[in-house]
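I have placed the structure first, in the form of structure tokens, so that the comments after it can refer back to it.
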Amino acid sequence: MTGTDRLFLTLSWAVALACITFLMLPIVITVAASFTSSSVYTLPPPEWSLRWYISLERRSGLWEAVTLSLNLAFVSTLISLVLGTLAAIAVTRGSFRGRAAIATFTVSPLMMPGLVVGVALLQFFREIGLRDAYWSLLLGHIVITLPFVMRTLLASMQAFDFSLVDAARTLGLNYPHAILKVLVPNLAPAYLTGGLFAFLASMDNYPISIFLTDARNKTLPIKMLQYLEEQPDPSLAAISSGLILMACIVLIIGARTVGLNRMIQG
Amino acid sequence: MSARAERIGLLAVPGLSFLAVIYALPLFLLLLKSFQIDGQFSVAEYITFFGDDFNMAVLWRTLRVACLTTLLALVIAYPTAIIMARAKGIWLSIFLIAMVLPMSVGVVVKAFAWSILFRTRGVLNDTLISLGITDAPIRMLFTETALIIGAANVFLPFMVLPIYAVLRQMDQRLPEAAASLGATPVFRFTNVTLPLSLPGVVAGCAFTFSLAISMYVIPSLIVGERQQTLSMLTARSFLFLRNEALGATISSILLIIAISVVLGSSWLASRLGARQ
Amino acid sequence: MNDPVRQTSGERSYLDVVRVGKAFKDTKVLSDLDFRVGQGELVSLLGPSGCGKTTLLRLIAGLTPADSGDVVLDGRSITAIPAHKRNISVVFQSYALFPHLSVAENVAFGLRARGMAKGATGPKVTEALALVRMSDFADRPVSALSGGQQQRVAVARALIVDPVLLLLDEPFSALDRKLRETMQVELKSLLRDRQMTAIFVTHDQEEAMAVSDRIAVMNAGIIEQFASPAELYARPATPFVMDFIGLSLRLRGQVSSTAADQSRVETAYGEVVVPKLFPLGTKLVLGVRPELVTPTKRENTLSVQIADTMVLGSKTQLHGLSEAPDRLICELPGIRDEYRRGQDVQFGWDVANTLVYEAAA
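Spelled out as structure tokens, the structure:
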């Protein structure tokens, strides 16, 4: 290793460590700010206290927003997992033309401006007469979650050895049964990873949801921004910390079952 | 066998038709509507849009912010990705967690965190004052610089991970072969590592740019109404101004930009890939 | 244990590896190793995986730093010199061709790295490609090449910079057998023409025998014997070398009596006389090359039941019933299909052809 090598490496390490700090800073600050006793965001807090967590109980509409978000996240992810499995099998195993295009199409919502999709759905649903906010939101959230699922499923299925399915069929299972008993368990890491990330994306979504909500159906992110406008006290930091905790739990589940490296590289 | 293969294709129908009806169709209709007035083909709305100074300012600001955000993210991400690609064991885990946790926490939490950080009486200002870098608190919130920093922070993992993935896959023997042929460390970097990392750089930049162009929550919380971006203008048109025509027009512009970025980057990627 | 360095008379040592040691984490990979190569010699490092041969190669190339010891090239110590200044080219097992460059650009890489302008590399590249018969592929992408073609490009790329030493890490292992043999011949003559000093790393003893002037047989970080293929075959210095190079009839035994300069050894299959004196009771490992054994009564004779016969075309092998690690084997030229499984025969050979070693404790 030469001197130049060492210099570049040291500089790069400096940037990399700064990067980690930069990335974790907002998270650490939020959690720290949530334990303050004052009603303003001063750090370090004059006194550590749980008052803002306790105050969440009294927040109007918070519980409904949390349950709605969880509901939408779970249901849309589940539906996406089913639709995604079918579509991924078709793309990896079929031999019709345009498979690559279909694969790109199913992943494309990730690259579209969320706001635009939200607007488009708003106008479309109005046009076809769909007024129910919950169903509008659910359909919108499937559009959010499906690409995440497709991305990981496509990658894993490409690598999957389908002769295992054939082996199951020679042992007496019919095709759907073989898929269920052989493919799904073997692709469990991909399901878990895709599902977890899809879930988180749905919980966090604002741009699509804002156009599809009504007065009685507000998802958590929308509620949070509403609180910010009305009453910007540290209870928002408490809610954020709750979301951070949820993300940590999700990641721990993923890391324990699938492994951190595999999760990220799909 | 081919009849079966065709039947397998049918499995894609549920998912595809869902996306076609609930995603592609509405977008297409939106695009169509923006080129219409009272059912007639017209670009009048676009002309109105581009003719308005305020709108143009918003457009340039949005593009400028997106470019600078991408640039800042790239500058930080590249060395980080290089280090990550060489990391093993506990350090690798630390890096991965540092990437994935912010991604998983979501935009709302992060944008909110930055709005706290940037306050006049916030952590950053207090730290700067106590370190003696400034005397009086700097006004950070509502500035474009703060927006770029906050956005770069939120999108950083999306820039790091694609570059990291490509570097990780790179055959470690290649720089060694270059060294044995007489290449200095600098030559090795510019002629081997850098060109081979380009597909990752393109993917990361494309993703970051398109996220930055269409971001809504981050500018809302950091710069608010004073310095709007295209997406904020869109939301306002629909939710407050009740000017749906304007909203549709801007949405279509954003859509066209997004599609161009996707197509452009995949063309670039295939050109780079063709040489490999 | 240092190798008994045998230098071909008249050639001074060109590469001198002096007492190098290298450990990874807590495992010692190379211990106090000495290794000397003469100018223009083609040498192989031969051994099983994990013996340290690739580590030694990388040490010489400068890709891995040594923990201790020195590497001297043409009288100059190069231990502190980084890899890119050593002018030692390496052909890697996977060839390591740059995927983003064409064949010609790959070959030109070393020249450009040394400062030659892109335009000026043309003539030398053409020459190098012609040398390996890849002239038609100059502008092709590397991914379109077969294994053998990639290997030739890798060799051209390595030689174009006129290295003082060429190192090759299992260069033929990815090729199928027929291609391998062709490439070995080609490469050897190419290197000879240029009087290039080259070191091969391989685990395939036939390959080593085919291309080398001398072979260093390595085991667990030390060189057990460093000699010509003939020497290694006829006079292996240790049981490991005997087992690694070629086949042999192999027995374990204990000295039961001695006379003059011979010892009588008791084995599980009978008594054997060996041409060396040992104290009574010494445990020994004995070996004989199969072509020196015949199914007849001779100075040493064992009664053997045939377990298997293998007709290999140019020779026939008779395998006797034995328990590992002992082996009873006899090799006859040509096709000899008169022997059957289960048949009782005698294996015999001359005392002087017996290889004998003290068994490890």
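Heads up: the sequence lines are chains V, Z and U, in that order. Remember, the working numbering sits 68 above the position in the first sequence when you count from 1. Remember, the working numbering sits 8 above the position in the second sequence when you count from 1. Remember, the working numbering sits 2 above the position in the third sequence when you count from 1. Glycine included, C-beta positions come from ideal geometry on N, C-alpha and C.
Cβ-based neighbour list, residue i, same chain, cut-off 8 Å, excluding 5 preceding and 5 following
{"i": "Val-318 of chain V", "result": "Leu-264, Phe-267, Leu-268"}
{"i": "Ala-85 of chain U", "result": "Ala-63, Gly-64, Leu-65"}
{"i": "Asn-355 of chain U", "result": "Val-290, Arg-291, Leu-294"}
{"i": "Ala-84 of chain V", "result": "none"}
{"i": "Ala-186 of chain Z", "result": "Phe-195, Arg-196, Asn-199, Val-200"}
Spatially closest choice to residue i from the options, by CA coordinates
{"i": "Val-131 of chain Z", "options": "V:Ala-246, V:Val-108, V:Leu-221", "result": "V:Val-108"}
{"i": "Gly-350 of chain U", "options": "U:Leu-323, U:Pro-292, U:Ala-326, U:Glu-107", "result": "U:Pro-292"}
{"i": "Ala-210 of chain U", "options": "U:Leu-334, U:Ile-337, U:Asp-195, U:Tyr-235", "result": "U:Tyr-235"}
{"i": "Thr-72 of chain V", "options": "Z:Val-231, Z:Leu-71, Z:Pro-193", "result": "Z:Pro-193"}
{"i": "Leu-32 of chain U", "options": "U:Glu-43, U:His-205, U:Leu-59, U:Ser-46", "result": "U:Leu-59"}
{"i": "Leu-296 of chain U", "options": "U:Asp-72, U:Val-45, U:Thr-318, U:Asn-89", "result": "Here the sequence assigns Thr to residue 296 of chain U, which means Leu is not the residue at that position. Selected option, being the one with the closest Cα: U:Thr-318."}
{"i": "Ser-330 of chain V", "options": "Z:Thr-237, Z:Leu-104, Z:Asn-251, Z:Phe-248", "result": "First, the amino acid is wrong: residue 330 of chain V is Arg here, not Ser. Arg-330 of chain V has its Cα closest to that of Z:Leu-104, out of Z:Thr-237, Z:Leu-104, Z:Asn-251, Z:Phe-248."}
{"i": "Leu-177 of chain U", "options": "U:Gln-153, U:Pro-67, U:Asp-171", "result": "U:Gln-153"}
{"i": "Ile-157 of chain Z", "options": "Z:Arg-196, Z:Leu-19, Z:Leu-82", "result": "Z:Leu-82"}
{"i": "Pro-94 of chain V", "options": "Z:Leu-109, Z:Thr-216, Z:Thr-56", "result": "Z:Leu-109"}
{"i": "Pro-34 of chain Z", "options": "V:Tyr-202, V:Pro-177, V:Ile-170, V:Ala-82", "result": "V:Pro-177"}
{"i": "Val-20 of chain U", "options": "U:Thr-260, U:Gly-52, U:Val-275, U:Ser-79", "result": "U:Ser-79"}
{"i": "Asp-34 of chain U", "options": "U:Leu-282, U:Gln-264, U:Ala-222", "result": "U:Ala-222"}
{"i": "Gln-180 of chain Z", "options": "Z:Ile-90, Z:Leu-254, Z:Ser-42, Z:Ile-230", "result": "Z:Ile-90"}
{"i": "Tyr-6 of chain Z", "options": "Z:Ser-123, Z:Leu-136, Z:Ser-228, Z:Leu-204", "result": "There is no way to answer for residue 6 of chain Z, as the model of chain Z reaches only from 9 to 284."}
Per-residue DSSP class, three states only, for residue i
{"i": "Gly-12 of chain U", "result": "In this predicted model, Gly-12 of chain U has a pLDDT of only 39, less than 50, meaning its place in the structure is not dependable; the value taken from the coordinates is given anyway. Coil at Gly-12 of chain U, not helix or strand."}
{"i": "Phe-26 of chain U", "result": "strand"}
{"i": "Ile-247 of chain V", "result": "helix"}
{"i": "Asn-302 of chain U", "result": "strand"}
{"i": "Pro-6 of chain U", "result": "In this prediction, Pro-6 of chain U scores a pLDDT of 38, lower than 50, which makes its location untrustworthy; the coordinate-derived value is nonetheless stated afterwards. In this structure, Pro-6 of chain U counts as coil in the three-state DSSP scheme."}
{"i": "Ala-261 of chain U", "result": "strand"}
{"i": "Val-287 of chain U", "result": "strand"}
{"i": "Thr-204 of chain U", "result": "strand"}
{"i": "Gln-191 of chain V", "result": "helix"}
{"i": "Pro-332 of chain U", "result": "Here residue 332 of chain U is Cys; the residue named in the question, Pro, does not match the sequence. DSSP places Cys-332 of chain U in strand when its eight states are reduced to three."}
{"i": "Phe-43 of chain Z", "result": "coil"}
{"i": "Gln-227 of chain U", "result": "strand"}
{"i": "Ser-25 of chain Z", "result": "helix"}
{"i": "Ala-218 of chain U", "result": "strand"}
{"i": "Met-9 of chain Z", "result": "Low per-residue confidence applies at Met-9 of chain Z: pLDDT is 46, beneath 50, and the placement is therefore not dependable enough to give any value."}
{"i": "Leu-314 of chain U", "result": "coil"}
Same chain only: Cβ atoms within 6 Å of residue i, ignoring 5 sequence neighbours per side
{"i": "Gly-272 of chain U", "result": "Leu-304"}
{"i": "Ser-218 of chain Z", "result": "Ala-266, Val-269"}
{"i": "Pro-6 of chain U", "result": "Only weak support is given to the placement of Pro-6 of chain U: the predicted model assigns it a pLDDT of 38, under 50, and the value that follows is read from those uncertain coordinates. Here the set comprises nothing."}
{"i": "Ser-308 of chain V", "result": "Thr-98"}
{"i": "Ala-258 of chain V", "result": "Thr-220, Leu-221, Ser-224"}
Test item: CB-CB of residue i and residue j under 8 Å
{"i": "Val-184 of chain V", "j": "Leu-263 of chain Z", "result": "yes"}
{"i": "Met-218 of chain V", "j": "Gly-162 of chain V", "result": "no"}
{"i": "Val-213 of chain U", "j": "Leu-47 of chain U", "result": "no"}
{"i": "Phe-90 of chain V", "j": "Leu-189 of chain V", "result": "no"}
{"i": "Ala-25 of chain U", "j": "Asp-72 of chain U", "result": "no"}
{"i": "Leu-251 of chain U", "j": "Ile-308 of chain U", "result": "no"}
{"i": "Thr-56 of chain U", "j": "Val-203 of chain U", "result": "yes"}
{"i": "Ile-162 of chain U", "j": "Val-93 of chain U", "result": "no"}
{"i": "Glu-268 of chain U", "j": "Gly-255 of chain U", "result": "yes"}
{"i": "Phe-37 of chain U", "j": "Ile-225 of chain U", "result": "yes"}
{"i": "Leu-249 of chain Z", "j": "Leu-67 of chain Z", "result": "no"}
{"i": "Ala-2 of chain Z", "j": "Leu-175 of chain Z", "result": "As shown, chain Z starts at 9 and ends at 284. That puts residue 2 of chain Z outside it, with no answer to give."}
{"i": "Tyr-224 of chain Z", "j": "Tyr-295 of chain V", "result": "no"}
{"i": "Leu-136 of chain V", "j": "Ser-303 of chain V", "result": "no"}
{"i": "Val-105 of chain U", "j": "Val-155 of chain U", "result": "yes"}
{"i": "Leu-38 of chain Z", "j": "Ala-256 of chain Z", "result": "yes"}
{"i": "Pro-183 of chain Z", "j": "Val-200 of chain Z", "result": "yes"}
{"i": "Gly-77 of chain U", "j": "Met-220 of chain U", "result": "no"}
{"i": "Val-143 of chain V", "j": "Leu-232 of chain V", "result": "no"}
Whole-number beta carbon distance between residue j and residue i, since they are thought to touch under 8 Å
{"i": "Gly-212 of chain Z", "j": "Met-167 of chain Z", "result": "4 Å"}
{"i": "Ser-96 of chain U", "j": "Ala-160 of chain U", "result": "No, Ser-96 of chain U and Ala-160 of chain U are not in contact; Cβ-Cβ is about 14 Å, not under 8 Å."}
Neighbourhood of residue i by C-beta distance below 7 Å, restricted to the same chain and skipping five residues each side
{"i": "Asp-328 of chain U", "result": "Arg-252, Leu-253, Arg-254, Ala-270"}
{"i": "Gly-232 of chain Z", "result": "Phe-150"}
Cβ-heavy atom distance, residue i to the ligand NAP, below 7 Å
{"i": "Leu-239 of chain V", "result": "Because no ligand of any kind appears in the structure shown, any question about the ligand NAP cannot be addressed here."}
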